[in-house]
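Number of protein chains: 2
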Amino acid sequence: MTTGTRRRLAPEVRRRQVLDAAIEVFSEEGLHGASMDAIAARAGVSKPSVYAHGGTKDELFAACLAREADRLMSTLTTAVLPDAGSGGADARARLRRALRAFFRAVTTHRQGWTVLYRQASAGEFAGPVDAARRGIVARAAELLAAELGGSPETALPVAHTLVGAAEGLADWWLGADHRSEDQDPADLLADMLVAVVWPGLDALRQA
Amino acid sequence: MTTGTRRRLAPEVRRRQVLDAAIEVFSEEGLHGASMDAIAARAGVSKPSVYAHGGTKDELFAACLAREADRLMSTLTTAVLPDAGSGGADARARLRRALRAFFRAVTTHRQGWTVLYRQASAGEFAGPVDAARRGIVARAAELLAAELGGSPETALPVAHTLVGAAEGLADWWLGADHRSEDQDPADLLADMLVAVVWPGLDALRQA
DNA sequence: TCGCTACTTTACGCAGGAGTAGATACGATG
DNA sequence: CATCGTATCTACTCCTGCGTAAAGTAGCGA
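Chains as they are written, first to last, in the UniProt record's numbering: chain C, 1 to 207; chain H, 1 to 207.
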């Protein structure tokens with residue numbers, strides 16, 4: 001039992017395993033609280049393997065960040081892209097759809113969300129996270145401008161408000177357990193948020 | 001010049017200096033990024049002095065947190081307390097007043113805000129920060145319930161949404177420089193947020 | 001069956017930074 | 001003016017944890 005050897009796996013697969021484990025540990029312990037040994041243990045792999053597939057701790061964290069940011073961004077994009085027969089018909093429905101996609105992504109991959117928004121928003125990785133967030137806000141601003149009129153620039157503060165509201169609601173939902181509900185949480189949350197903000201947004205259209 | 005010794009100051013004064021320096025450094029570097037040496041240098045004091053007046057690094061950080069949380073909380077409380085001749089007259093005005101107080105506090109003490117919400121929300125101090133935030137949200141929920149009807153419990157998600165929206169807007173404002181405006185930023189931001197959320201909140205009253 | 005190499009164990013180097021020990025000088029008080 | 005308490009300093013110790021090197025083992029394609 002001196003040397004236990006694992007099954008050999010394709011580098012790509014191992015890398016995925018390491019990334020998954022890293023996201024778990026980072027979401028629980030934070031960037032500095034997590035040790036490379038802990039990540040190795042969680043992945044069921046030795047520490048040198050973590051370095052081989054994930055690189056430096058910072059590189060590994062950055063990789064986690066990038067993966068989760070991409071996932072979230074692509075989810076939102078595909079949720080909004082199929083305009084189908086929108087034609088500006090029901091702006092409210094489009095908003096609701098985008099929000100539901102956001103809440104679904106967050107509630108489904110809550111560890112990724114935690115890493116991205118709770119652990120990484122401070123310290124040396126504030127820049128990249130901010131960039132990701134700004135990407136989402138920018139897209140929201142485009143949509144708002146298209147639906148409600150005005151330039152994306154004008155819509156920027158409104159977009160920030162909207163995204164902040166969604167984050168606040170998501171955090172609340174993730175904070176306590178709401179297993180009693182039988183409805184899809186994403187639907188529930190999207191409905192709540194739309195109810196609060198839509199009348200105001202609609203009013204902004206006239207102005 | 002082997003040993004440069006500073007003027008002796010009253011412990012209370014030194015402690016305030018150390019706390020101020022600590023908040024500055026923590027807001028820039030984060031809890032782990034900040035070194036006690038850096039805090040000492042910023043305070044214009046030696047490291048042992050920092051330990052003498054601020055205690056351990058964790059204690060120092062906790063003290064910063066407590067001070068900023070108290071400041072914010074008391075600001076909000078006093079902004080809402082003077083109901084004067086409200087009598088439920090203008091709920092919208094009360095909401096606007098509370099929001100303006102929040103934005104004023106945040107824009108005035110932006111470093112404190114940064115420490116409290118960006119740096120401390122992750123890691124070992126998530127608990128206390130969460131508690132502070134929950135205090136604010138709870139108060140908001142009370143007010144919402146009083147103004148719009150319903151129980152504070154029902155208003156909780158709405159309160160989280162509202163607070164999240166305010167945070168998002170504040171972050172946007174603090175992110176870029178908006179020195180071109182001549183109006184009070186707090187007024188501006190409060191107006192924006194009220195415009196977005198008030199119609200929806202008003203509609204919730206009927207339901 | 002043979003080797004290539006992914007993987008493991010083990011051990012260590014090293015840097016950064018928290019926290020401390022002992023020396024030093026300031027300033028109030030008699 | 002002498003003295004003492006203590007605020008403050010310089011210079012250290014020590015620990016944690018990243019990152020790596022060396023040496024051996026075994027899966028898997030040829």
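A virtual CB, placed ideally from N, CA and C, is assigned to each residue, including glycine.
Of the residues the options, which one's Cα is nearest the Cα of residue i?
i                  : options                                    : result
Val-80 of chain H  : H:Asp-202, H:Glu-142, H:Glu-24, H:Pro-157  : H:Glu-142
Gly-55 of chain H  : H:Ser-27, H:Pro-11, H:Ala-91               : H:Pro-11
Trp-198 of chain H : H:His-109, H:Glu-147, H:Asp-184            : H:Glu-147
Val-50 of chain C  : C:Val-158, C:Ala-21, C:His-32              : C:Ala-21
Ala-140 of chain C : C:Thr-108, C:Glu-167, C:Gln-183, C:Leu-95  : C:Leu-95
Gly-135 of chain C : C:Thr-77, C:Ala-91, C:Leu-169, C:Glu-24    : C:Thr-77
Ala-145 of chain H : H:Trp-113, H:Gln-206, H:Arg-110            : H:Gln-206
Glu-153 of chain H : C:Gly-123, C:Trp-172, C:Asp-58             : C:Trp-172
Leu-156 of chain H : H:Asp-177, H:Arg-133, H:Gly-168            : H:Arg-133
Ala-170 of chain H : H:Ser-121, H:Ala-131, H:Arg-110, H:Arg-179 : H:Arg-110
Thr-75 of chain H  : H:Leu-65, H:Arg-100, H:Ala-52              : H:Arg-100
Gly-30 of chain C  : C:Arg-7, C:Gln-119, C:Ala-66               : C:Gln-119
His-32 of chain H  : H:Gln-183, H:Asp-184, H:Lys-57             : H:Lys-57
Leu-19 of chain H  : H:Ala-41, H:Gln-183, H:Arg-8               : H:Ala-41
Ala-34 of chain C  : C:Ala-66, C:Arg-7, C:Ala-203, C:Leu-60     : C:Leu-60
Pro-185 of chain H : H:Ala-38, H:Leu-9, H:Thr-108               : H:Thr-108
Ala-131 of chain H : H:Arg-179, H:Ala-62, H:Gln-183             : H:Ala-62
Cys-64 of chain H  : H:Gln-17, H:Ala-203, H:Arg-8               : H:Gln-17
Thr-114 of chain H : H:Asp-90, H:Val-25, H:Asp-182              : H:Val-25
Asp-202 of chain C : C:His-178, C:Leu-174, C:Asp-90             : C:Asp-90
Leu-9 of chain H   : H:Met-36, H:Ile-39, H:His-53               : H:His-53
Mind reading off the beta-carbon distance from residue i to residue j? Whole number of angstroms is fine, and I expect it under 8 angstroms.
i                  : j                  : result
Gly-150 of chain C : Val-196 of chain H : That belief does not hold up - the Cβ atoms of Gly-150 of chain C and Val-196 of chain H are roughly 14 angstroms apart, past 8 angstroms.
Val-137 of chain C : Leu-116 of chain C : That belief does not hold up - the Cβ atoms of Val-137 of chain C and Leu-116 of chain C are roughly 14 angstroms apart, past 8 angstroms.
Val-194 of chain C : Arg-92 of chain C  : 7 angstroms
Gly-112 of chain C : Ile-23 of chain C  : 6 angstroms
Gly-168 of chain C : Glu-28 of chain H  : In fact, because the Cβ distance is near 25 angstroms, the residues do not count as touching under 8 angstroms.
Ala-176 of chain C : Ala-122 of chain H : Going by Cβ atoms, the distance from Ala-176 of chain C to Ala-122 of chain H rounds to 19 angstroms, so no, they are not a contact pair.
State the start and end residues of the unbroken alpha helix (DSSP H) segment that holds residue i.
i                  : result
Phe-103 of chain H : 91 to 108
Val-25 of chain H  : 11 to 33
Arg-118 of chain H : No alpha helix (DSSP H) contains Arg-118 of chain H, which DSSP labels as neither H nor E.
Gln-206 of chain C : 185 to 206
Ser-74 of chain H  : 57 to 80
His-53 of chain C  : 47 to 54
Ala-170 of chain C : 152 to 175
Ile-133 of chain H : In the sequence as displayed, the identity of residue 133 of chain H is Arg instead of Ile. Per DSSP, Arg-133 of chain H belongs to the alpha helix (DSSP H) from 126 to 148.
Asp-37 of chain C  : 36 to 43
| Taking contact to mean at least 3 C-beta pairs separated by less than 8 angstroms, is the region 160 to 169 of chain H in contact with the region 67 to 76 of chain H? | No contact exists between the region 160 to 169 of chain H and the region 67 to 76 of chain H.
| query | Taking three-plus beta-carbon pairs below 8 angstroms as touching, is the region 101 to 111 of chain H in contact with the region 36 to 49 of chain H? | reply | Under the three-pair Cβ rule at 8 angstroms, the region 101 to 111 of chain H does not count as touching the region 36 to 49 of chain H.
| field | Sufficient close CB pairs (3 or more, under 8 angstroms) joining the region 183 to 193 of chain H to the region 12 to 30 of chain H | value | The answer is no - the region 12 to 30 of chain H does not touch the region 183 to 193 of chain H, with fewer than three Cβ pairs under 8 angstroms.
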